[in-house]
Structures are given as C-alpha cells and as structure tokens.
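Please read the structure below before turning to the comments.
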Amino acid sequence: MKIAPKDRAVNIVIGAILFLFALICIYPLYFVAINSFSSPDEVTKGVYFLPRGITLENFDYVFETPLIFTGVIVSVSRTVIGTLLNVLFCGFLGYMVTVKDLPFRKWIYRMVVATMYFTSGLIPWYMLMVKINFKNSFLLYVLPGAISAFYVVLIKTYVESLPASLEESASLDGAGTLTIFFKIILPVCKPVLACVAVFGAVWQWNSWSDNMFLVTDAKLQTLQYLLYRMMQSASMSDAITGQTSIQPMAIRLTMTFITILPILLVYPFMQRFFVKGIMLGSVKG
Numbered sequence: 001m002k003i004a005p006k007d008r009a010v011n012i013v014i015g016a017i018l019f020l021f022a023l024i025c026i027y028p029l030y031f032v033a034i035n036s037f038s039s040p041d042e043v044t045k046g047v048y049f050l051p052r053g054i055t056l057e058n059f060d061y062v063f064e065t066p067l068i069f070t071g072v073i074v075s076v077s078r079t080v081i082g083t084l085l086n087v088l089f090c091g092f093l094g095y096m097v098t099v100k101d102l103p104f105r106k107w108i109y110r111m112v113v114a115t116m117y118f119t120s121g122l123i124p125w126y127m128l129m130v131k132i133n134f135k136n137s138f139l140l141y142v143l144p145g146a147i148s149a150f151y152v153v154l155i156k157t158y159v160e161s162l163p164a165s166l167e168e169s170a171s172l173d174g175a176g177t178l179t180i181f182f183k184i185i186l187p188v189c190k191p192v193l194a195c196v197a198v199f200g201a202v203w204q205w206n207s208w209s210d211n212m213f214l215v216t217d218a219k220l221q222t223l224q225y226l227l228y229r230m231m232q233s234a235s236m237s238d239a240i241t242g243q244t245s246i247q248p249m250a251i252r253l254t255m256t257f258i259t260i261l262p263i264l265l266v267y268p269f270m271q272r273f274f275v276k277g278i279m280l281g282s283v284k285g
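Heads up: the sequence shown is residues 1 to 285, going by UniProt numbering.
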C-alpha cells in the first residue's frame, strides 16, 4: 500500500523522536562502558564517544580492592537464593489462594493484597529484624522479601486462567495438593514464574538499603552497598592509598559497570518470558 507523503513525514518524525528517546536511554550505559575500558588519565580528561587508551587497569584495581570479590559473591548468592525463594513461596501462595477448599482463602488473599497499600515503616521494620536476629545475618537478604504481594497477585490471576480440568483430573487420580502444585501447576506456569524470577532477580541484585541499616559485618557487604559507599564518598583517598595512577572517577564508573553488567546479560534472554508472563498474568480467561 502506497503511503501518502503526509503520513510518511509523520512516520519520519515519530521515528526520529523514538530514536532520540532510545539514544537517551542507552547512552548512559554506553558512557559507563567506554569509560570503564579507558585509561584513568583519559577518563579524567573526558571520554564521551569511543574508549581511549583501552586498558583493563581499572578492573584489575577494583578486583584487587578488599571486599569487592566478597561483595560479588554475596550479591550473587542473595540474588540466586532470593529469587528461588521468591518463585517457590509466591508460586505456592498464589496457587493456594485459588484452592476452593482452603479455609479463609479470601481473607488470606485480602491480607496479602493489603500489604501492597500499607507498610509498617522503617523503624518498626528495623526493630522486627533485630528482634528475630536477622542483624548481621545472610537471612536478612533472602527471607523478608521471599513473598511479594504483587507476585502473588500475578501468579493467582494466571492460575485462575488455567482450565479447572487440570486439577480435577489430577485429584481423581489421587494427587494431593503438593503433587498438583509441583507436577502440574509449576510446569504450566513457567511464563509467569519466569516473569517473577526476572522481577525478583533485578530487585535482589540492586538492593542495598537492608545492608546499610542492618549489616556491619564486612564479610556480608553486598556489591551494591560498596558501590553506594563509593558514590557517597567525597574523596577516594581511603580506597586509593598510594596509587596515584588510578583516578576516582574511573573507579566509580568501573564499579558501576560491574554492577549493572549481570542484569544486562541476563535480561535479553528472559525478555520473551517476561512479556508473555505479564500479559498472561494480568488478563484472566
């Protein structure tokens, strides 16, 4: 079909605007990447388009800095374990509130949804974490956020869209609730569970506030909190003792690149599940 000149002009303008918007979104990531691979002296002068004086010196210094490698291990561990618990607990609760034989299931679901609108606040949360001995404990990273009301709603809506005959036939064959959940519900719900996994992994990987408030043990510091401290520091003299060849800005940008790289690598492979899970989990029937 032939496009009218007026429509072609409109399409060009819209395309140009979208391209500019995409460029604005992508350039900060590109800026961080090219500066991470540029020499510290060039970073100080300003690197904006292509890396100059390409080197891995910045990465060598970062990984030789005390606690950085430990921070990577802690962040990866909390992301993997926290995401698995998210998927398992939210999946099971999202399924259970659809089981008609469960007593008070509607009230349970309402109480879960209420947490989306009402929060206890920082001080009560802090006091509770201290009371249950989560201070300076790895459990602080994975258990408090194991259940999210949003994920439960997403999974519940998806499960309700499944044919009732799936559960009925399994029940007639003698399958119990746990068997139905692990053998039928989990495999069928892969798209929405993958969506929850992406949400949960990104949230876990980027979290640092719980570390700041409740963790003083150096061996439990996350990579994100170390980056936060580095960004908040007005001077890098404490972190760069005796190494004048490394510039503070180069180290900050390299740390930022290391922090965002895992999510950038994982997200493209999970995107198809993410979009499908959002669509199927938000529309019933």
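No residue lacks a Cβ here, since even glycine has one placed at the ideal position from N, Cα and C.
Given the structure is predicted, the values throughout are model-derived calculations rather than measurements.
Under 7 Å: does the beta carbon of residue i sit that close to some heavy atom of the ligand GTP?
i: residue 195; result: Among the components modelled here there is no ligand, and therefore nothing to report on the ligand GTP.
Would you kindly report the start and end of the unbroken alpha helix (DSSP H) that includes residue i?
i: residue 286; result: The question about residue 286 has no answer here: the residues shown for the chain are numbered 1 through 285.
i: residue 83; result: 68-96
i: residue 8; result: 5-36
i: residue 159; result: 149-160
i: residue 170; result: 164-172
i: residue 126; result: 122-131
i: residue 45; result: 40-45
i: residue 61; result: 57-64
i: residue 178; result: 177-180
So, for residue i: in the same chain, excluding its five sequence neighbours on each side, which residues have a beta-carbon less than 7 Å away from its beta-carbon?
i: residue 92; result: 181
i: residue 262; result: 205
i: residue 259; result: 223, 224, 227
i: residue 257; result: 32, 33, 36
i: residue 149; result: 112, 113, 115, 116
i: residue 213; result: 126
Is it the case that the Cβ atoms of residue i and residue j are separated by a distance below 8 Å?
i: residue 74; j: residue 220; result: yes
i: residue 196; j: residue 86; result: yes
i: residue 253; j: residue 43; result: yes
Could you check what DSSP says for residue i in three-state terms: helix, strand or coil?
i: residue 105; result: helix
i: residue 217; result: coil
i: residue 146; result: coil
i: residue 137; result: coil
i: residue 51; result: coil
i: residue 117; result: coil
CA-CA distance, residue i and residue j?
i: residue 25; j: residue 52; result: 23 Å
i: residue 141; j: residue 209; result: 10 Å
i: residue 131; j: residue 39; result: 48 Å
i: residue 121; j: residue 144; result: 14 Å
i: residue 64; j: residue 57; result: 11 Å
i: residue 135; j: residue 215; result: 6 Å
i: residue 22; j: residue 168; result: 48 Å
i: residue 176; j: residue 187; result: 16 Å
i: residue 267; j: residue 163; result: 30 Å
Got a sec? Which residues, its chain only, sit under 6 Å from residue i by beta carbon, not counting five neighbours each side?
i: residue 152; result: 90, 93, 94, 112
i: residue 54; result: 37
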